[in-house]
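K.L.:
Residue numbers (our numbering), protein chains in the order written: chain A, 3 to 454; chain B, 3 to 454.
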């Protein structure tokens with residue numbers, strides 16, 4: 003990148019951060035259907051100011067429109083960007099140091115719900131494109147953009163949306179949300195996402211709660227759910243669904259090498275969450291191998307009976323648990339769901355109802371794809387450090403349909419750092435990493451132009 | 003009983019039911035420390051109107067005073083009555099057909115929170131004593147009364163209270179709360195209570211909730227609690243605490259015969275609760291043997307993570323479960339607690355905290371005690387049917403200290419019937435059974451006088 007572009011980015015950084023604060027101050031909580039259209043319209047405005055043709059496109063549920071945008075460039079090479087403008091709910095509110103929708107800058111950080119996930123990356127990319135346009139007289143390649151409004155609730159209907167709009171989003175390569183730096187400040191590029199099967203298990207054994215003295219004869223749905231869950235996974239952490247691990251791809255040699263190259267950040271990771279010891283006392287390679295490569299079966303919630311203060315001697319009528327399975331290539335959420343139903347039936351829990359909240363397929367771009375090399379090479383230039391490559395992130399996103407339907411390699415690079423508290427109180431960005439993310443985006447676009 | 007007493011009871015029944023409605027309209031929820039003193043004072047007034055010396059005596063916690071009352075009689079034979087004026091919380095409110103603290107009479111029933119447990123039995127006993135006093139010019143024996151204000155929260159401090167007031171409550175025999183009729187209308191006399199150990203198990207694994215994608219490495223307290231609970235009791239319903247069953251007394255021959263004599267009410271019992279099938283598909287003798295004689299380990303509540311609508315992909319920081327063990331003679335709640343702690347430690351759950359909410363010892367009066375025969379004989383007279391004897395009720399009360407400290411046999415007879423929905427919405431009494439309960443109390447007092 004030439005110095006003019008770099009200077010432009012630095013000179014306009016305060017203005018860029020103001021744009022980010024304004025966007026963060028607009029609540030856009032998909033789980034609560036709060037402020038989505040308002041936020042989507044703000045995003046469209048920002049994109050138009052950066053020279054994009056942009057519009058809010060309705061999805062199957064009109065509360066969650068997707069932004070589609072396009073800017074022409076000197077060549078036909080097309081980069082697709084993926085972001086989302088919706089955010090997680092802000093609760094628990096009393097654990098925030100400052101109000102979640104009133105962004106506050108302090109000591110090189112900015113705090114606010116959604117500032118890191120995913121409004122910061124969105125604004126950083128706009129800033130990079132503005133800088134290129136202003137200092138070069140235009141973009142070297144075509145940029146298309148898909149900015150979802152329902153990512154935090156599992157992107158319902160996204161596959162259909164993508165299918166219907168495939169022509170408008172066709173591209174050669176794709177940069178996903180996520181990516182940034184690791185604890186040591188070296189760039190971190192991720193190449194995929196885990197899939198998801200989010201279900202709710204419910205057991206009802208009576209019409210109403212009853213006196214707990216009836217326990218010798220009245221079936222207790224909380225006990226039944228405990229036994230059913232214990233049959234799904236025991237303290238060895240092995241998931242007991244038949245065939246669950248059959249389609250899990252072992253890491254390729256290059257992927258294992260990339261995992262080896264990652265530093266041991268387990269101590270910082272756990273300390274940051276107030277956790278004493280990792281599952282299985284894993285550290286170093288084993289810690290990150292599990293985090294990145296292992297599928298999970300997580301209890302996100304369990305509710306039954308009386309959970310208030312003090313004691314109430316009741317036998318609950320119902321019990322339910324929210325369970326999310328994170329899946330890795332080539333696990334299929336629909337197959338896992340079928341296996342779960344069969345498992346429950348075979349273990350005597352056919353009375354337990356399974357309700358599906360969301361499903362997503364896992365995705366992973368081959369580590370030897372030329373686009374991965376381009377993203378890594380540009381990161382090396384900008385950060386002045388050897389980038390880490392991560393086969394996929396521990397989290398989930400609708401990357402699989404993009405990869406499948408559009409046939410593009412996908413990588414994540416951006417502004418993240420591991421202390422950003424996404425989905426949690428005091429979500430934040432570090433301004434220095436934000437700036438590097440802007441620079442890297444501009445560098446990627448220039449490199450794509452040079453190779454076109 | 004002579005006709006005059008019987009006629010007095012019947013003539014004054016409407017007035018008695020008005021007294022009961024007035025007392026029921028006064029909320030007295032011990033779990034919420036609501037209206038207790040007001041209700042206790044109403045009870046004292048009612049007792050004074052019936053010729054008792056009565057007062058509210060402070061207990062260790064001044065919010066829960068106990069009523070102590072005494073009425074002299076022709077002989078020194080002393081009957082101790084035990085009741086309580088506190089009631090369970092009324093929730094879930096939306097499942098009540100009429101407001102819980104606005105008693106409503108309809109088709110031979112009266113509905114209201116606490117009307118059956120335990121304000122109806124209290125007023126029925128007062129009515130019997132008034133009738134004897136008015137038609138006989140006095141009582142044939144001395145009657146003492148202990149009316150607790152904290153029974154529904156496990157009678158904290160009751161042993162100390164009883165020890166301190168043992169002289170004032172000394173008696174030859176004791177009639178407990180509970181007792182009435184079975185589904186077939188034949189009288190049911192119970193001779194004991196189960197004990198209780200109510201604990202809360204809490205597991206905390208992190209400082210705050212985190213993103214569920216961290217599940218491969220961050221320990222999930224809900225899973226740990228599920229595994230710990232599953233180790234306590236599996237789907238065979240066998241409780242796995244070491245030594246748990248060692249001190250369980252098998253039924254005596256006469257107790258087994260009494261259990262055999264009870265009718266099969268399992269269908270009505272389950273139908274009334276909207277339950278399809280009993281635990282272990284038990285029916286008939288096995289159903290009631292379990293209900294009456296088996297100790298339990300019940301999950302009264304389980305709470306962890308997100309339990310609202312929809313999906314939230316979190317990994318909870320804490321999980322807790324409320325567990326009540328019902329204990330049978332001669333199990334000791336303190337020994338069970340020690341065994342629970344040891345079990346958790348031995349199974350790798352030393353991080354799970356155990357908080358005790360309440361403990362009570364089980365109690366059972368020998369079925370061949372002469373007082374049991376007197377209560378049964380008088381029931382036969384009043385109800386015109388052979389009474390059932392039940393070695394103990396499935397529920398709990400502080401009967402053990404009364405039996406131990408005062409050295410008295412204890413039996414329950416009263417106004418209950420199995421459809422009374424105690425601790426549940428639409429708690430009610432049947433007026434015909436209420437009347438029979440009044441008559442039976444008067445008959446017991448007369449018989450004790452005749453035997454004195």
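Ideal placement from N, C-alpha and C gives every residue a C-beta, glycine not left out.
Of the residues A/370, A/315, A/39 and A/192, which one's Cα is nearest the Cα of residue 256 of chain A?
P.N.:
A/370
K.L.:
Which ranges does the alpha helix (DSSP H) cover as unbroken runs of at least 4 residues, wholly within the stretch 27-56 of chain B, from first to last along the chain?
P.N.:
38-51
K.L.:
Rounded to the nearest angstrom, what separates residue 267 of chain A and residue 293 of chain B at their Cα positions?
P.N.:
55 Å
K.L.:
Using 10 angstroms around the beta-carbon of residue 262 of chain A, count the other beta-carbons present and answer buried if the total reaches 16, otherwise exposed.
P.N.:
exposed
K.L.:
Where do the N-terminal and C-terminal ends of the beta strand (DSSP E) with residue 190 of chain B fall, by residue?
P.N.:
189-192
K.L.:
According to DSSP, simplified to helix, strand and coil, what is residue 348 of chain B?
P.N.:
helix
K.L.:
Is there contact between the stretch 156-168 of chain A and the stretch 102-115 of chain A, where contact requires at least three CB pairs shorter than 8 Å?
P.N.:
no
K.L.:
With DSSP run on the structure shown, which of helix, strand or coil describes residue 243 of chain A?
P.N.:
coil
K.L.:
Starting from the N-terminal side, write out each stretch of the beta strand (DSSP E) that is 3 residues or longer and does not extend beyond the stretch 394-451 of chain B.
P.N.:
412-414 and 430-432
K.L.:
I'd like to know whether the C-beta atoms of residue 217 of chain B and residue 309 of chain A end up nearer to each other than 8 Å.
P.N.:
no
K.L.:
Residues in its own chain within less than 8 Å of residue 282 of chain A by CB, not counting five upstream and five downstream?
P.N.:
Taking residue 282 of chain A as the centre and dropping the five residues before and after it, the same chain places the C-beta of 239, 288 and 292 closer than 8 Å to its C-beta, in chain order.
K.L.:
If I'm right that residue 72 of chain A touches residue 55 of chain A with Cβ under 8 Å, what's the distance once you round it to whole angstroms?
P.N.:
5 Å
K.L.:
For residue 95 of chain B, count the other beta carbons within 10 Å of its own beta carbon; 16 or more makes it buried, fewer makes it exposed. Which is it?
P.N.:
exposed
K.L.:
Do you know offhand how far residue 68 of chain B's Cα is from residue 92 of chain B's?
P.N.:
Their Cα atoms are separated by approximately 22 Å.
K.L.:
For the beta strand (DSSP E) that contains residue 327 of chain A, what are its first and last residues?
P.N.:
320-329
K.L.:
Count the C-beta pairs between the stretch 410-417 of chain B and the stretch 372-385 of chain B that are closer than 8 Å, then say yes if the count reaches three, no if not.
P.N.:
Note that the stretch 410-417 of chain B touches the stretch 372-385 of chain B; at least 3 beta-carbon pairs, one per stretch, sit closer than 8 Å.
K.L.:
Starting from residue 61 of chain A, trace the alpha helix (DSSP H) both ways and give me its first and last residue.
P.N.:
Counting along the chain, residue 61 of chain A falls outside any alpha helix (DSSP H), and DSSP gives it neither H nor E.
K.L.:
Buried or exposed, going by whether 16 or more other CB atoms sit within 10 Å of the CB of residue 416 of chain B?
P.N.:
buried
K.L.:
Could you name the residues of chain B that residue 185 of chain A contacts, counting a contact when the two beta carbons are closer than 8 Å?
P.N.:
The premise fails here: residue 185 of chain A is roughly 14 Å from chain B at the closest Cβ pair, so nothing lies under 8 Å.
K.L.:
To which residues of the same chain is residue 145 of chain B closer than 6 Å at the C-beta, ignoring the five residues directly before and after it?
P.N.:
Within the same chain, and ignoring the five residues on either side of residue 145 of chain B in sequence, the residues whose Cβ sits closer than 6 Å to its Cβ are 73 and 81.
K.L.:
Identify each residue in the stretch 309-330 of chain A for which the Cβ-Cβ distance to at least one residue of chain B is less than 9 Å, and report them in chain order.
P.N.:
Residues 309, 310, 311, 312, 313, 314, 315, 316, 317, 318, 319, 321, 322, 323, 324, 326 and 328.
K.L.:
Can you find a C-beta in chain B that's less than 8 Å from the C-beta of residue 145 of chain A?
P.N.:
no
K.L.:
If I measure Cβ to Cβ from residue 401 of chain B and keep anything under 7 Å in the same chain, skipping five residues before and after, which residues do I get?
P.N.:
Same-chain partners within the cutoff: 178, 194, 195, 365 and 412.
K.L.:
Quick one: which chain A residues come within Cβ less than 7 Å of residue 189 of chain B?
P.N.:
Ordered by position in chain A, no residue passes the 7 Å Cβ test against residue 189 of chain B, which lies about 20 Å from the chain.
K.L.:
Does DSSP put residue 273 of chain B in a helix, in a strand, or in coil?
P.N.:
helix
K.L.:
Would the C-beta of residue 159 of chain A count as close to the ligand ZN, meaning under 7 Å from any of its heavy atoms?
P.N.:
In the structure shown, the ligand ZN is absent, as is every other ligand, since no ligand is present at all.
K.L.:
Under a three-way DSSP split, which group does residue 134 of chain B fall into?
P.N.:
Residue 134 of chain B: helix per DSSP, three-state reduction.
K.L.:
What residues of chain A sit near residue 431 of chain B, judged by a beta carbon separation below 8 Å?
P.N.:
What residue 431 of chain B touches in chain A: nothing, since even the nearest Cβ is about 16 Å away.
K.L.:
Measuring only between beta-carbons, confirm whether residue 298 of chain A sits less than 8 Å from chain B.
P.N.:
yes
K.L.:
Taking the beta carbon of residue 126 of chain A as the centre, do at least 16 other beta carbons fall within 10 Å, making it buried, or is it exposed?
P.N.:
buried
K.L.:
Residue 188 of chain A: which of A/169, A/432, A/403 and A/386 sits nearest, CA to CA?
P.N.:
The candidate whose alpha carbon is nearest that of residue 188 of chain A is A/386.
K.L.:
Which partner residues does residue 86 of chain B have in the DSSP bridge list?
P.N.:
B/150
K.L.:
On the criterion of 16 or more Cβ atoms from any shown chain inside 10 Å, does residue 277 of chain A qualify as buried, or is it exposed?
P.N.:
buried
K.L.:
Using alpha carbons as the reference points, say which of B/234, B/17, B/223 and B/215 lies closest to residue 207 of chain B.
P.N.:
B/223
K.L.:
Which residues mark the beginning and the end of the alpha helix (DSSP H) in which residue 306 of chain B is found?
P.N.:
Not the alpha helix (DSSP H): residue 306 of chain B falls in the beta strand (DSSP E), residues 300-307.
K.L.:
Using a Cβ-Cβ cutoff of less than 6 Å, which residues in the same chain neighbour residue 174 of chain B once the five nearest sequence positions on both sides are dropped?
P.N.:
79 and 80
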